[in-house]
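> Each step along the sequence shown adds one to the number in this note's numbering, with nothing skipped, and position 130 is 130.
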Amino acid sequence: MVRDSRKVTVLGALAFLLFCGTIVGANWMIAHVGQPVPGGHLLPVGFGLKAPSGVYLAGAAFIARDFVQRALGPKYGFAAIVVGALISVLVSSPTLALASGLTFLVSESTDFLIFTPLQKKSFPGAVLLAGVVSDVVDSYLFLTLAHIPLQIAFLGQVLGKTWVTLLGAGVSYLMRRSSFLSISPGVRGA
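1) Does any residue of chain B have a CB that is nearer than 7 Å to the CB of Val10?
2) In terms of residues, what are the limits of the alpha helix (DSSP H) holding Lys75?
3) With a floor of 3 residues, list each beta strand (DSSP E) that falls wholly inside the stretch 19–79, ordered by position along the chain.
4) Quick test of your reading: Leu118 and Ala99, contact by CB under 8 Å. State the CB separation rounded to the nearest angstrom.
5) Compute the Euclidean distance between the alpha carbons of Pro74 and Asn27, then round it to the nearest angstrom.
6) With a 10 Å radius around its C-beta and 16 neighbouring C-beta atoms as the bar for buried, classify Val68 as buried or exposed.
7) Tell me whether the beta-carbon of Arg65 lies closer than 7 Å to the beta-carbon of Phe19.
8) When you compare the CB positions of Ile81 and Gly168, do they come within less than 7 Å of one another, or not?
9) Short of 7 Å in beta carbon distance, which residues of its chain neighbour Leu128, apart from the five on each side in sequence? Order them along the chain.
10) Considering Gln119, what are the terminal residues of the alpha helix (DSSP H) in which it resides?
11) Could you check if Val45 is buried or exposed, using at least 16 other CB atoms within 10 Å of its CB as the buried criterion?
12) Between which residues of its own chain and Phe123 is the CB-CB distance below 7 Å, once the five residues before and five after are set aside?
13) Is the beta carbon of Thr116 less than 7 Å from the beta carbon of Ala60?
14) Helix or strand or just coil, what does DSSP make of Ala146?
15) Are the beta-carbon atoms belonging to Gly34 and His41 less than 7 Å from one another?
16) Is Gly12 buried or exposed, if buried means 16 or more other CB atoms sit within 10 Å of its CB?
17) Could you check how far apart the C-beta atoms of Leu102 and Leu145 are, in whole angstroms? I think they sit under 8 Å.
18) Shortest alpha-carbon distance to Thr110 belongs to which of Leu57, Asp135, Ile30 and Gln151?
19) Measuring straight from C-alpha to C-alpha, what distance separates Phe154 and Pro36?
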């Protein structure tokens, strides 16, 4: 039991570090990578659509926060949201700081509220449903606040994050099937 508890704590800490890294990376990418547009830069995401260049890392943040909460409990999951919003404001360009911080707080809280009750029944299902809903909330709010035209980037933003959400749901499914990587809710009060 002690070994399992340590394993879960280490996995939760690694997920938290990944979570923080995705925030920094997404904000850096939107300021520096891809086709310049008002408010940031765009990258192709498939089917002829484009999205702000931090889309893949922003999508990964939802999943990493879900893993933090699953491993360490809801208090740590919520603390990660607050820390993430602060990081987002601090590493964003001045023009994106409000859009990034506020969007992060709202969309991660949406993910938290959906993920928390569902993860006890289906960890992969909770990752998928919470991720998809949060992807839409995040995309609309961020693009609106950052003054990136919705008609240029909304569908691409949702699609890019959905690719990452599907990958995260697949990884969480594999984790549930693997005794080494399984993280059960309740280990830390999840």
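Backbone N, C-alpha and C fix where the C-beta goes; we use that ideal spot for every residue, glycine too.
Walking through what the data contain:
1) Note that chain B does not occur in the displayed structure, where there is just one protein chain.
2) Following the DSSP letters along the chain, one finds Lys75 inside the alpha helix (DSSP H) bounded by residues Pro74 to Val91.
3) Counting only runs of 3 or more residues that sit fully inside the stretch 19–79, the beta strand (DSSP E) segments are 35–37, 40–46 and 49–52, in chain order.
4) Cβ atoms of Leu118 and Ala99 stay farther apart than 8 Å, at about 28 Å.
5) Put simply, the backbone Cα of Pro74 is about 25 Å away from that of Asn27.
6) Residue environment for Val68: buried (at least 16 other C-beta atoms within 10 angstroms of its C-beta).
7) Yes, Cβ-Cβ distance for Arg65 and Phe19 is below 7 Å.
8) With respect to Gly168, Ile81 sits apart: the two C-beta atoms are not nearer than 7 Å.
9) Cβ neighbours of Leu128 within its own chain (closer than 7 Å, five residues either side excluded): Thr165 and Ala169.
10) That residue, Gln119, is in no alpha helix (DSSP H); it is neither H nor E in DSSP.
11) Classified as buried, Val45 has 16 or more neighbouring CB atoms from the shown chains inside 10 Å of its CB.
12) Listed in chain order, the non-local C-beta contacts of Phe123 below 7 Å within the same chain comprise Arg70, Ser172 and Arg176, local neighbours out to five positions each way being set aside.
13) No, they are not a contact pair.
14) Here Ala146 sits in coil by DSSP.
15) His41 sits close to Gly34, with the two beta carbons spaced by under 7 Å.
16) Gly12 sits buried, since 16 or more C-beta atoms from the chains shown fall within 10 Å of its C-beta.
17) Indeed, because the Cβ distance is near 6 Å, the residues count as touching under 8 Å.
18) The closest CA to that of Thr110, considering only Leu57, Asp135, Ile30 and Gln151, is found on Asp135.
19) Between Phe154 and Pro36, the C-alpha separation is close to 16 Å.
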